[in-house]
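Novice: Below are the structure tokens for one structure; questions will follow.
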Amino acid sequence: MTLLIAFALLAVGVSFICSTLEASLLSLPRSHVAMLVDRGSSTGRLLKKLTDNIDRPLTAILTLNTIANTAGAVGVGGQAAAVFGEAAVGITCGLLTLVILVVSEIIPKTLGAVYSKQLAGVTARTIWLFIIICAPVVVSLRWVERVIGRRRHDHHMTRAEVIATIRLGREAGTLERREFGVISNLLALKRIQLSDVLTPRTVVFALPEEQTIQGVIAEHHPIRFARIPVYGESLDDVKGYVARFDIYKAASAGSGGESLRHITHPLPILPEVSSVANALEKMLEAQRHIAVVVDEHGGTAGIVTLEDTLETLLGQEIFDETDVVVDMQELAKTLHGRQVRARPT
12 MTLLIAFALL AVGVSFICST LEASLLSLPR SHVAMLVDRG SSTGRLLKKL
62 TDNIDRPLTA ILTLNTIANT AGAVGVGGQA AAVFGEAAVG ITCGLLTLVI
112 LVVSEIIPKT LGAVYSKQLA GVTARTIWLF IIICAPVVVS LRWVERVIGR
162 RRHDHHMTRA EVIATIRLGR EAGTLERREF GVISNLLALK RIQLSDVLTP
212 RTVVFALPEE QTIQGVIAEH HPIRFARIPV YGESLDDVKG YVARFDIYKA
262 ASAGSGGESL RHITHPLPIL PEVSSVANAL EKMLEAQRHI AVVVDEHGGT
312 AGIVTLEDTL ETLLGQEIFD ETDVVVDMQE LAKTLHGRQV RARPT
């Protein structure tokens, strides 16, 4: 009877440990492993070795689990026949199977999945010990893989998977709503084209380069835009931009009679099919807050500002303390509508 119990405990106990370790290893997020590695944790380095070559730990776990279950079943069957007779073998094996299913499969795998982070240290070291014990089997499997020419396919997290991951973080309360929105928008910047966020040329407020500084102030004071495109013969010939601050500064210095050409700054030229992410990068490199957007024929499609890109990222309007109004695109459209209505018919 003692041997019967011993064989049963062997099968159930080893299977319990193996199932817990397997579930814990497979449920452990790669992000958690990476975090442990960044902290210099020995557990993190060990887990990275295991997860980078997942076949080795799984082979060791399944090998020990199979040996324990087989030995336990044979031992329990033999002892059941000796103690209770041949008629009891079937019933005993059936009960053992039920116990293993519940106690050594369902319960431990649930525990391993739920407490994978807490069990990370124990999981890493125990599985590494299993690999050493089952070294001949593990080495043989790797040899077979080389013989059949199996190629390893490393899994690289896609952009969609990253978004799904941060959505889970939002649902779990790890990320706040605004944090989730910013990260999601950041990942979408490469897919959003400038044509979706630019101020179209039909409502762009621009000034001819030959106009005098004093003339601009006389006609448009107070100047509502911080940066204004400057053009030559037409809006398709954008020369650069002037800053509102420079206009008033030049006028105060007694240079109001000079043309805008003297205070014009260069600005980047971007295709309208370019992404918002690319526009943000180009404007930061050029240290400019505004860029002209051109269509496929080289004509001016509109303008985009650094604020436009950041508003796309943040998902809300940015208000500068020097701005007269918040939504400059909407203001441009309003002014354009007034100009159209004012034209003589």
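Here the working numbering is used: the first residue of the sequence shown is 12, the next is one more, and so on. We treat Cβ as the ideally placed atom computed from N, Cα and C, and that holds for glycine. Every value quoted in this text rests on a predicted model; they were computed, and no experiment measured them.
1. Assuming V253 and T275 form a contact by the criterion Cβ under 8 Å, report the distance between their Cβ atoms to the nearest whole angstrom.
2. Just grab the DSSP bridge partners of S270 for me.
3. Nearest CA to the CA of K201: which residue from L324, G55 and L37?
4. Compute the Euclidean distance between the alpha carbons of S127 and V110, then round it to the nearest angstrom.
5. Spatial neighbours of N196 within its chain, please: C-beta separation below 8 Å, excluding the five flanking residues on both sides.
6. List the endpoints of the continuous alpha helix (DSSP H) containing L281.
7. Excluding the five sequence neighbours on either side, which residues of its own chain have a C-beta within less than 6 Å of the C-beta of I234, listed in chain order?
8. Whether or not the region 63-75 and the region 32-39 are in contact is what I'm after, with contact meaning three or more pairs of Cβ atoms, one per stretch, closer than 8 Å; do they touch?
9. Taking 7 Å as the limit between beta carbons, can you name the residues of its chain near G55, skipping five residues before and five after?
10. What do you reckon, are the CB atoms on I228 and A262 nearer than 8 Å?
11. CB-CB under 7 Å to A290, same chain, minus the five flanking residues each way: which ones, in chain order?
12. Ignoring anything shorter than 4 residues or poking outside the region 189-268, list the alpha helix (DSSP H) runs there in chain order.
13. Among residues of its own chain, excluding the 5 on either side of A17, which ones have a beta-carbon nearer than 8 Å to its beta-carbon?
14. Looking only at C-alpha atoms, which of A79, R41 and E221 sits nearest to L244?
15. Buried or exposed: where does M294 fall if 16 or more other Cβ atoms within 10 Å of its Cβ makes it buried?
16. Assuming L57 and P68 are in contact, meaning their beta carbons sit under 8 Å apart, how far apart are those beta carbons, in whole angstroms?
17. Apart from the five residues on each side of it in sequence, which residues of its chain come closer than 8 Å, Cβ to Cβ, to F191?
18. Have a look at the DSSP bridge pairing and note the partners of T311.
19. Taking buried to mean at least 16 other C-beta atoms within 10 Å of its own C-beta, is I138 buried or exposed?
20. Need the endpoints of the alpha helix (DSSP H) that G83 sits in, please.
21. Between L152 and the rest of its own chain, which residues show a CB-CB distance below 6 Å, the 5 nearest in sequence each way excluded?
22. Per DSSP, what kind of secondary structure is T169 in: helix, strand or coil?
23. Skipping 5 residues on each side, what residues in its chain have a beta carbon closer than 7 Å to that of G310?
24. Can you have a look at Q129 and say buried or exposed, based on whether 16 or more other CB atoms are within 10 angstroms of its CB?
25. Nearest-angstrom Cα distance between A22 and G96?
26. Do A79 and V25 have their beta-carbon atoms positioned less than 8 Å apart in this structure?
27. Is it buried or exposed for L20, if we count other Cβ within 10 angstroms and need 16 for buried?
28. DSSP beta-bridge partners for H276?
29. Near P211, which residues of its chain fall below 8 Å by C-beta distance, leaving aside the five closest residues on each side in sequence?
30. Nearer than 7 Å: is that true of the beta carbon of A17 relative to any heavy atom of the ligand FAD?
31. Along the chain, where does the alpha helix (DSSP H) containing S30 start, and where does it finish?
32. Since C145 is in the alpha helix (DSSP H), which residue starts that stretch and which ends it?
33. Just the Cα atoms here: how many angstroms apart are G40 and A124?
34. Buried or exposed for P277, going by 16 or more other Cβ atoms inside 10 Å?
35. Nearest CA to the CA of L112: which residue from I142, S30 and A217?
36. Measuring straight from C-alpha to C-alpha, what distance separates R188 and I174?
Specialist: On the basis of the data shown:
1. Within the sequence shown, residue 253 is the residue found at index 242, counting from 1. Within the sequence shown, residue 275 is the residue found at index 264, counting from 1. Correct: roughly 6 Å between the Cβ atoms.
2. Position 259 of the sequence shown, counted from the start, is the residue given in the question as residue 270. Its beta-bridge partners are T223.
3. Mapped onto the sequence shown, residue 201 falls at position 190. Checking every option, the nearest Cα to that of K201 belongs to L324.
4. Residue mapping note: residue 127 aligns to position 116 of the sequence shown, counting from 1. Residue mapping note: residue 110 aligns to position 99 of the sequence shown, counting from 1. If you take the alpha carbons of S127 and V110, they lie about 23 Å apart.
5. Locating residue 196 in the sequence shown gives position 185, where the first residue counts as 1. T323, L324, L325 and G326.
6. Numbered from its first residue, the sequence shown carries residue 281 at position 270. Note, L281: premise wrong, no alpha helix (DSSP H); beta strand (DSSP E) at I280 to P282.
7. As a first step, residue 234 must be located in the sequence shown, where it is residue number 223. Closer than 6 Å at the Cβ level, and outside the excluded window around I234, lie R255.
8. Yes, they touch.
9. For this step, residue 55 is matched to residue 44 along the sequence shown. Scanning its chain for C-beta atoms nearer than 7 Å, with the 5 sequence neighbours on each side dropped, one finds around G55 the residues V44, L47 and V48, in chain order.
10. As a working note, residue 228 is residue 217 in the sequence shown. As a working note, residue 262 is residue 251 in the sequence shown. Cβ atoms of I228 and A262: closer than 8 Å.
11. Taking the first residue of the sequence shown as 1, we reach residue 290 at position 279. Result list for A290: L205, L281, A302, V315 and T320, in chain order.
12. If we require 4 residues or more, the alpha helix (DSSP H) runs fully inside the region 189-268 come out as 224-231 and 255-263.
13. Working through the sequence shown from its first residue, we reach residue 17 at position 6. The answer, listed in chain order, is G86.
14. As a working note, residue 244 is residue 233 in the sequence shown. As written in the sequence, residue 244 is Glu, which differs from the Leu given in the question. Nearest of A79, R41 and E221 to E244, Cα basis: E221.
15. For the purposes of this step, residue 294 is identified with residue 283 of the sequence shown, where counting begins at 1. Taking all protein chains in view, the Cβ of M294 is crowded by 16 or more other Cβ atoms within 10 Å, so the residue is classified as buried.
16. Sequence index remark: in the sequence shown, residue 57 carries index 46 (1-based). Sequence index remark: in the sequence shown, residue 68 carries index 57 (1-based). About 10 Å; that fails the 8 Å criterion.
17. Translated into positions along the sequence shown, residue 191 becomes position 180. Same-chain partners within the cutoff: I177, R178, G180 and R181.
18. Locating residue 311 in the sequence shown gives position 300, counting from the first residue. Its beta-bridge partners are V305.
19. Counting from 1 along the sequence shown, the entry for residue 138 is found at position 127. The residue is buried, with at least 16 neighbouring Cβ atoms inside 10 Å.
20. Position 72 of the sequence shown, counting from 1, holds the residue named residue 83. Note, G83: alpha helix (DSSP H), D66 to F95.
21. Locating residue 152 in the sequence shown gives position 141, where the first residue counts as 1. Here the set comprises T70.
22. Working through the sequence shown from its first residue, we reach residue 169 at position 158. In this structure, DSSP gives T169 a state outside helix and strand, which the three-state scheme calls coil.
23. Working through the sequence shown from its first residue, we reach residue 310 at position 299. So the qualifying residues of the chain are D247.
24. Position 118 of the sequence shown, counting from 1, holds the residue named residue 129. Looking at its Cβ environment, which holds fewer than 16 other Cβ atoms inside 10 Å, Q129 is exposed.
25. On the sequence shown, position 11 is the one that residue 22 refers to. On the sequence shown, position 85 is the one that residue 96 refers to. Taking the straight line from one Cα to the other gives about 21 Å.
26. As a working mapping, residue 25 is identified with position 14 in the sequence shown. As a working mapping, residue 79 is identified with position 68 in the sequence shown. In this structure, A79 lies closer than 8 Å to V25 by Cβ.
27. Here residue 20 is taken as the residue at index 9 of the sequence shown, counted from 1. Exposed, by the Cβ-count rule.
28. Your numbering for residue 276 matches position 265 in the sequence shown. Residue pairing by DSSP places H276 opposite Y252 in a beta bridge.
29. Here residue 211 refers to the residue found at position 200 when the sequence shown is read from its first residue. A312 and G313.
30. Here there are no bound small molecules, and the ligand FAD is not part of this structure.
31. Reading the sequence shown from its first residue, position 19 is the one you call residue 30. Here the alpha helix (DSSP H) through S30 covers T13 to S38.
32. Counting from 1 along the sequence shown, the entry for residue 145 is found at position 134. Looking at the DSSP string, C145 is not in any alpha helix (DSSP H), and its letter there is neither H nor E.
33. The count along the sequence shown starts at 1 and reaches residue 40 at position 29. The count along the sequence shown starts at 1 and reaches residue 124 at position 113. First, the amino acid is wrong: residue 40 is Pro here, not Gly. If I take the Cα positions, the gap works out to 10 Å.
34. In the sequence shown, counting from the first residue as 1, residue 277 sits at position 266. Exposed.
35. Residue mapping note: residue 112 aligns to position 101 of the sequence shown, counting from 1. Per the Cα distances, S30.
36. The residue you call residue 188 lines up with position 177 of the sequence shown. The residue you call residue 174 lines up with position 163 of the sequence shown. Cα to Cα, R188 sits roughly 14 Å from I174.
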